[in-house]
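Down below is the structure, laid out as structure tokens.
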Amino acid sequence: MSKRVAFHTLGCKLNYSETSSISADFVARGYQVVPLGAEAELIVINTCTVTENADAECRKIVRRGLKGAPDAAVVVTGCYAQLQPEDVASIDGVRAVFGTAEKSGIADLADEILSWDTPQIHTSDLSEDTSFVGSATAEGDSRTRAFLKLQDGCDYTCTFCTIPLARGPARAMEFERIAEAIDGLVRDGFHEIVLSGINLGEYKAPSGERFADVVRLIDVLQPPVRVRISSIEPNTLSNEIIDLVANSTVFVPHFHVPLQSGSVEILKRMRRRYNPEKYQQVAQRIFERMPHAALGIDVIVGFPGETDDLFEESWRFLESIPFTYLHVFTYSERENTPAASYADVVPMSVRKARTARLRAFSEQRRAEHHARNVGSTRIVIPETFDAQSGTWSGWTENYVRVAMHAPELIVRGPHRVALTEVHADVVAATSLGHVARTPQVQV
Ligand code: SF4
74 MSKRVAFHTL
84 GCKLNYSETS
94 SISADFVARG
104 YQVVPLGAEA
114 ELIVINTCTV
124 TENADAECRK
134 IVRRGLKGAP
144 DAAVVVTGCY
154 AQLQPEDVAS
164 IDGVRAVFGT
174 AEKSGIADLA
184 DEILSWDTPQ
194 IHTSDLSEDT
204 SFVGSATAEG
214 DSRTRAFLKL
224 QDGCDYTCTF
234 CTIPLARGPA
244 RAMEFERIAE
254 AIDGLVRDGF
264 HEIVLSGINL
274 GEYKAPSGER
284 FADVVRLIDV
294 LQPPVRVRIS
304 SIEPNTLSNE
314 IIDLVANSTV
324 FVPHFHVPLQ
334 SGSVEILKRM
344 RRRYNPEKYQ
354 QVAQRIFERM
364 PHAALGIDVI
374 VGFPGETDDL
384 FEESWRFLES
394 IPFTYLHVFT
404 YSERENTPAA
414 SYADVVPMSV
424 RKARTARLRA
434 FSEQRRAEHH
444 ARNVGSTRIV
454 IPETFDAQSG
464 TWSGWTENYV
474 RVAMHAPELI
484 VRGPHRVALT
494 EVHADVVAAT
504 SLGHVARTPQ
514 VQV
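Everything in the sequence shown is counted per this note's numbering, starting at 74 for the first residue and increasing by one.
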């Protein structure tokens, strides 16, 4: 019988994409992948450090895995393993700890790990790491959307962030490999590719190409899929990139641009590389060129020094931006970051109250985005079918979640749809038929 391995991933899309590659390496070595909690010889946990309470989270997953497979060897990797290897190694049942740079070699050592009887730590200093390990993954088990990792690490010094410590300096996939990577995902049957990275806008190929060159290349390639850009820093989202997306039939009009705060003072304290004025210019360009675009924004609330007045300044700035939705993060102190020792700590109750206010604001804007899109024709890629309502759910190119009335047996590729009315947090849509090949962006 083949050996079995179970995986669990915490954190960002990049982690999911990397777990998927590790899993493929295990399969290539004859392992069978089973769900966490099933009987297995090995359990691999890919951790995150952004997760609040990474330690408790990691212990919980180890326990859950061992419940169904008490003799399994547990391997913990990822950002938390990189930053706190000894703590991780002390968790009952953990047999190996692999750092960020060692992650991609776990499958090579799988049989050896099974023979280790004391926990072993494999980590290295990432400050000089220049290697890039690419990966691509599907979301859940669907074949709709794939995340393609083009960039890793970050050279910025935002005062709240541990990612540069956990993932090392910025590096990128070779420019020459991009066309082949896209082609592979098209052949695998995906309909949408999300370009991902830790600081994607800082993409710099060993041969010198920048992110605008990547967008131009993919647009020229005209793959028969639609392409989304994941989170991109405002200081790196140039007019050139916005214009390329606006003129493209491949890239969709959806941007996710972290702001973190709309207060000049707080942005300085966070050591972000832009001010509200710069952000305003980026947003203005997006909507001038693509009035129907979706804009998502990350905001951190309760950063040290965020007085009521500064929060109101941030709120007013957000009101001036026609964003579509917010991802609101309640600030929490991270070990080894400058902000963890800042004075003027905001009480947790205030942080939570501000978070709730902004989340309500986000819901309001999302509802307005949905209402604005009623009456338009868009492209949707059906993802899951709900037999009870007889609808397929999916996303339009400009990030409207739709419930599409259509039979269960339809072509799973892009459909042209008419958006008819808002139903709670989705928009009802009628299929106007499958679109043969290129998912043209509808204006
Ligand atoms: S840009 Fe700032 S927040 Fe983003 S990964 Fe780099 S240091 Fe962290």
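Glycine is no exception: its CB is placed at the ideal position from the N, C-alpha and C atoms.
Cβ-based neighbour list, residue i, same chain, cut-off 7 Å, excluding 5 preceding and 5 following
| i | result |
| --- | --- |
| R521 | The structure shown does not extend to residue 521, since the chain spans only 74 to 516, so no value can be given for it. |
| F99 | V78, V106, A180 and A183 |
| R137 | L109 and G110 |
| A162 | V170, P192 and I194 |
| T397 | A367, L368, G369, R438, R439, H442 and Y472 |
| I134 | H81 and I118 |
Nearest-angstrom Cα separation, counted from residue j out to residue i
| i | j | result |
| --- | --- | --- |
| S387 | S336 | 5 Å |
| T196 | R345 | 29 Å |
| D214 | F263 | Note that D214 scores 48 on pLDDT, short of 50, meaning its location in the model is unreliable; the coordinates nonetheless yield the value given after this. Using only the alpha carbons, I get a separation of about 12 Å. |
| N348 | R216 | 39 Å |
| E361 | Q354 | 10 Å |
| D498 | W465 | 15 Å |
| L328 | G463 | For the record, residue 328 in the displayed sequence is Phe; it is not Leu. The alpha-carbon atoms of F328 and G463 are separated by roughly 31 Å. |
| E310 | F390 | Residue identity differs from the one stated: residue 310 is Leu in this sequence, not Glu. When rounded, the distance between both Cα atoms is 19 Å. |
| V490 | L290 | 29 Å |
| A142 | E275 | 42 Å |
| C231 | V372 | 14 Å |
| E494 | G448 | 8 Å |
| G49 | P158 | Outside the displayed span of the chain (74 to 516) sits residue 49, for which this structure offers no information. |
| G486 | S504 | 12 Å |
| V453 | D459 | 16 Å |
| A502 | E306 | 33 Å |
| E481 | D198 | 52 Å |
Residue i CB to nearest heavy atom of the ligand SF4 below 6 Å
| i | result |
| --- | --- |
| P237 | yes |
| C227 | yes |
| C121 | no |
| I251 | no |
| I186 | no |
| N88 | no |
| N308 | no |
| C231 | yes |
| C152 | no |
| C131 | no |
| C234 | yes |
| I271 | yes |
Spatially closest choice to residue i from the options, by CA coordinates
| i | options | result |
| --- | --- | --- |
| T120 | R451, Y89, L109 and V372 | Y89 |
| S269 | D225, A433, Y398 and Y415 | D225 |
| G375 | Y352, N348 and T403 | T403 |
| S254 | K222, D202 and S280 | The sequence as given places Ala at residue 254; Ser does not occur at that position. The shortest C-alpha separation from A254 is found at K222. |
| R168 | A174, E159 and W189 | W189 |
| F324 | V287, F384, I164 and C85 | V287 |
| G467 | Q461, A476, A460 and D459 | A476 |
| F233 | A245, V401 and N409 | N409 |
| A479 | Q295, Q461 and R289 | Q461 |
| L115 | N320, A97, S93 and L139 | L139 |
| A129 | D165, R102 and D381 | D165 |
| N308 | V300, P331 and R301 | P331 |
| A416 | E385, K351 and G378 | G378 |
| R432 | H400, C85, L505 and K351 | H400 |
| G103 | K76, L87, F80 and S93 | K76 |
| V293 | R283, A252 and S280 | A252 |
| I483 | E470, P395, A502 and G506 | G506 |
| A146 | E282, A113, R301 and T122 | A113 |
Residues sharing a beta bridge with residue i, DSSP
| i | result |
| --- | --- |
| Q193 | A169 |
| A465 | One point to set straight first is that residue 465 is Trp, not Ala, in the sequence displayed. F458 and M477. |
| Q437 | None; Q437 has no bridge partner. |
| S504 | V490 |
| H81 | I118 |
| G151 | T120 |
| H329 | G369 |
| Q224 | A245 |
| F70 | The shown model of the chain, from 74 to 516, leaves out residue 70, and the question about it has no answer. |
| I266 | A219 and V300 |
| H496 | V499 |
| I452 | R489 |
| Q105 | R77 |
Same chain, Cβ closer than 8 Å to residue i, five either side skipped, listed in chain order
| i | result |
| --- | --- |
| V473 | A367, H442, H443, N446, R451, L492 and V500 |
| F171 | V148, V149, T150, A154, G178, I179, H195 and T196 |
| L340 | Q333, S334, Y347, N348 and P349 |
| L258 | A209, A219, L221, I266 and V298 |
Sequence-distant residues of the same chain with beta carbon closer than 6 Å to residue i, five excluded per side
| i | result |
| --- | --- |
| E406 | A413 |
| C227 | I236, P237, A243, I271 and N272 |
| M363 | A319 and P326 |
| K86 | F220 and S269 |
Residue i CB to nearest heavy atom of the ligand SAH below 6 Å
| i | result |
| --- | --- |
| A476 | The ligand SAH is not part of the structure shown, which contains the ligand SF4 as its ligands. |
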